[in-house]
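The block underneath contains the structure these notes are about, expressed in C-alpha cells.
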Amino acid sequence: MSKMHFYLRERIDRIKTKIETELKYKKVLTRTQKIIITWLVLFLYWIILSAKFEIFSMVIGLGLSFIVSIFTYDLITKDIRSRGHIIERILNFVLLYVPELIFIYLFRLIEANVNVAKHVIFMDIKPGIVKIKTDLRSDTGVTA
104 MSKMHFYLRE RIDRIKTKIE TELKYKKVLT RTQKIIITWL VLFLYWIILS AKFEIFSMVI
164 GLGLSFIVSI FTYDLITKDI RSRGHIIERI LNFVLLYVPE LIFIYLFRLI EANVNVAKHV
224 IFMDIKPGIV KIKTDLRSDT GVTA
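First residue of the sequence shown: 104, per this note's numbering; consecutive thereafter.
Laid out in C-alpha cells, this is it:
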C-alpha cells in the first residue's frame, strides 16, 4: 500500500477522470466542416478585395475560393478548438499573416522595379542572336 494520503489519491483520481472525459468528448471538426469554414472566410476575403457585387464576380469568387479551400483548409482551421476561438484565429490570420505577405510582395515588387531600372540605365545586357544547328525542318519546330 502506498503512503499517499487518501484525500490526495482521491483528488488525483478526480483530475485523471476529468482529463480523460475531456479528451474523450473533445469536439473535433470534420474535414468537411473545416473546408466550409475556410471556403466562407476566403469568399468573404474575395468580396472585400474585389469590391464587385456582380453575379459573374461572385460565381468566380465562389468557385476559386472553394478550390483553394480544398487544398488549404488546415491553415485557418488547424487545432481550432484547442488554440482559441474562430474569430481569434481569423483576426490572427488577417492582422498578422496577410500584412506579412503584403509586405513581402511589395518588397519583391520594388526589388524587381529597381532591377529593371538598373538594366535600363546602365545597359549591362548584351542582346544578340544565337545560331544553333538543328535537324528540325518545319517552321513551327524551328521557332519553338
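Where is the CB? At the ideal position from N, CA and C, for every residue including glycine.
Assumed close pair residue i, residue j - CB separation to whole angstroms, cut-off 8 Å
| i | j | result |
| --- | --- | --- |
| Gly166 | Ile150 | At roughly 14 Å, the Cβ-Cβ gap does not stay under 8 Å, so Gly166 and Ile150 are not in contact. |
| Thr180 | Lys137 | 4 Å |
| Trp142 | Ser168 | 6 Å |
Contacting residues, own chain, Cβ-Cβ under 7 Å from residue i (five flanking each side not counted)
| i | result |
| --- | --- |
| Ser241 | none |
| Lys121 | none |
| Leu239 | Val245 |
| Phe196 | Ile179 |
| Leu111 | none |
Sequence-distant residues of the same chain with beta carbon closer than 8 Å to residue i, five excluded per side
| i | result |
| --- | --- |
| Ile173 | Ile138 |
| Ile193 | Val144 and Ile179 |
Per-residue DSSP class, three states only, for residue i
| i | result |
| --- | --- |
| Arg240 | coil |
| Ile228 | coil |
| Thr246 | helix |
| Lys234 | coil |
| Ala220 | helix |
| Val144 | helix |
| Ala215 | helix |
| Ile183 | Because the pLDDT of Ile183 is 49, which lies under 50, any placement of that residue in the model is unreliable, and the number read from its coordinates should be weighed accordingly. Ile183: coil per DSSP, three-state reduction. |
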